[in-house]
Amino acid sequence: MKIAVLKEGEAGERRVAASPETVKKFTALGAGVAVENGAGENAAVADADYEAAGATTGTRADVLKDADIILCVQGPDPATLTGVKSGALLVGGLNPVGQRARIDAYAAAGLDTLAMEWMPRITRAQSMDILSSQSNLAGYKAVLDAAAEYGRAFPMMMTAAGTVSAAKLFVMGVGVAGLQAIATGRRLGAQVSATDVRSATKEQILSLGAKPIFVESVAGIEGEGAGGYATEMSEEYKKAQAELVSSHIAKQDIVITTALIPGRPAPRLISDAQLATMKPGSVIVDLAVEQGGNVEGAKAGEVAVVHGVKIVGHRNVPSRLAADSSALFARNLFNFLSAFWDAETKAPVLPDDDEIVKGIRLTHGGKVVHERLLG
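One point on numbering: in the working numbering, the residue at position 86 of the sequence shown is 633, and numbering is uninterrupted.
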C-alpha cells in the first residue's frame, strides 16, 4: 500500500497533507509513504524530516507511480495526475461544488475521491473533521490579524500617563472559529461580545467570559440545522437582528464575522450603512470573504477601507498558520484512514453503507456517486 503526498499547487496554499508524525503512523500500519519534493517547505517541514520519519521523496511522477492513496489539502489539477492508476483514493479538501469540473475529471480518471470537508458531524468523526480543525486556527488568526490592523492596544492599561481603554470586540457567528476568536480576544484583554442565530450558543459565549448579544423579541427561531450547521434565518429574524446589530456595532472597535451556510453564499451580516456608523479606525475581519463575504465591501485577498473602517479579507486564513494547520489536517486524514484500516490487507476498507463513507465519497467506479452532486 503506497501513500503519495502531493505538493500543493493552488496559489497561496502553504499547507501540506502529511507531517513526519503521520508518516511514522502510516508506516507503522504497514504502508509506504512517498512525499513530493518540497511538499512541506512552506509549512516548516523539510524533505529530510519526512525521510527521517520513514518516507521517500521524489518528483510528482515518482510519488504517483503505483500510488494507492493520494493525500492533498486542496484537490490537484487533474492534468497534473498523469500516470495515476485507476481505483486510487484521492483524499483531501476537494471543494466539490466550486470545483465540479475537477470532480468529473477525477471520475473519468477512475479515481475514488473522498471530500473531507463533507465529513458528517457525528461523534465518531470528530477527530476526522478538517473544517473544525482548520476553523479553530482561523478564529485565532483572525483576532491576531485584527490586532495587527487596529493600531491600538487590546487590554486596558493603567499607567502614570493615564488609562488606555480596552478594545471592544464583537464576534458574529459562534461556531468553531467564533468560539476561538472569543477566547483569543479575551486572552488579549479585549471586552468581547458575540452573537449567533443558534440560541444554544448563549451558554458557550458566557462560559468563555463574553457577553451574549441576542434577539429576544422574536421567539422560536433556533437557527439550528442538520448536523450542527447554522441554517439561513427567517426574514423576521433578519430584520430584528439587523436592528440589534446596528446599535451594537456602532460601539465596537473590532468585529470578526464567521457565518457560513454549507453549499450557499455567505449570509450578509453587515451592510454599508452599518459600516458608516462605526468609528474611523475600526477593523472588521471577514472570515467568509471567499464565499461572498459577510460584510458589504469586503474584497477577497485585500484589506479594503470603507467609511474609514478596515475590512480584512485574507484568503485561506488557516494557511497563514501553515505549520500548525498542516499538523492538524494531517492528523484528520490519518484518523480517517486508520479508522478503516484492515490489519491483514494493510489497506483501508470503505464499506458502501458506512455513514462516513457515504458522506464524503464523491466518485467511485468511474462515476460521480454523491447525491449532492447528482441533483
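Glycine included, C-beta positions come from ideal geometry on N, C-alpha and C.
Determine the extent of the beta strand (DSSP E) in which residue i is found, giving its start and end residues.
| i | result |
| --- | --- |
| residue 717 | 715–719 |
| residue 831 | 830–833 |
For the alpha helix (DSSP H) that contains residue i, what are its first and last residues?
| i | result |
| --- | --- |
| residue 808 | Premise fails: residue 808 is in no alpha helix (DSSP H) and is neither H nor E. |
| residue 732 | 723–734 |
| residue 551 | Premise fails: residue 551 lies in the beta strand (DSSP E), 549–552, not in any alpha helix (DSSP H). |
| residue 690 | 677–697 |
| residue 919 | 918–921 |
| residue 822 | 819–822 |
| residue 598 | 594–599 |
Under three-state DSSP, which class holds residue i?
| i | result |
| --- | --- |
| residue 854 | coil |
| residue 623 | coil |
| residue 641 | coil |
| residue 861 | coil |
| residue 795 | helix |
| residue 560 | coil |
| residue 889 | strand |
| residue 909 | coil |
| residue 567 | helix |
| residue 836 | helix |
| residue 846 | coil |
| residue 669 | coil |
| residue 652 | helix |
| residue 610 | helix |
| residue 904 | helix |
| residue 749 | helix |
| residue 826 | coil |
| residue 773 | Reliability fails at residue 773, whose pLDDT of 48 lies under 50, so the model's placement of it is uncertain and the value that follows must be treated cautiously. Helix, per DSSP. |
| residue 915 | strand |
| residue 767 | Residue placement at residue 767 cannot be trusted, given a pLDDT of 46 that sits under 50; what the coordinates show is reported in the next sentence. Residue state, collapsed to three classes: coil. |
Per DSSP, which one or two residues make a beta bridge with residue i?
| i | result |
| --- | --- |
| residue 758 | 740 |
| residue 583 | 605 |
| residue 636 | 616 and 659 |
| residue 705 | 710 |
| residue 895 | 888 |
| residue 631 | According to DSSP, which records beta bridges pairwise, residue 631 is partnered with nothing at all. |
For residue i, I'd like the list of residues in its chain whose CB is within less than 8 Å of its CB, leaving aside the five on either flank, ordered along the chain.
| i | result |
| --- | --- |
| residue 562 | 555, 589, 590, 620, 865, 866, 869, 872, 873 and 876 |
| residue 916 | 908, 909 and 910 |
| residue 819 | 843, 844, 853 and 854 |
Spatial neighbours of residue i within its chain, please: C-beta separation below 6 Å, excluding the five flanking residues on both sides.
| i | result |
| --- | --- |
| residue 549 | 579, 613, 614 and 615 |
| residue 762 | 787, 788 and 791 |
| residue 760 | 740, 742 and 795 |
| residue 687 | 727 and 731 |
| residue 793 | 821 |
| residue 802 | 717 and 831 |
| residue 895 | 884, 887 and 888 |
| residue 926 | Nothing can be reported for residue 926, as the shown portion of the chain is limited to 548 through 922. |
Answer yes or no: does any C-beta atom of chain C fall closer than 9 Å to that of residue i?
| i | result |
| --- | --- |
| residue 844 | Here chain C cannot be found, since the structure has a single protein chain. |
Residues in its own chain within less than 7 Å of residue i by CB, not counting five upstream and five downstream?
| i | result |
| --- | --- |
| residue 839 | 812 and 813 |
| residue 664 | 640, 677 and 678 |
| residue 570 | 580, 597, 600, 601 and 602 |
| residue 862 | 559, 837, 847 and 848 |
| residue 672 | 666 and 903 |
| residue 757 | 729, 733, 739, 740 and 741 |
| residue 711 | 700, 703 and 704 |
(message) Quick check: the segment 883–898 against the segment 620–635, are at least 3 beta-carbon pairs closer than 8 Å?
(response) No, they do not touch.
(message) Three or more C-beta pairs under 8 Å: does that hold for the segment 645–656 against the segment 585–605?
(response) Too few Cβ pairs lie closer than 8 Å, so no.
(request) Say whether the segment 631–650 touches the segment 843–850, bearing in mind that this needs 3 or more beta-carbon pairs closer than 8 Å, one atom from each stretch. (result) No, they do not touch.
(request) Check whether the segment 898–905 touches the segment 590–609, taking contact to mean three or more Cβ pairs, one atom from each stretch, closer than 8 Å. (result) Flag = no, the segment 898–905 and the segment 590–609 do not touch.
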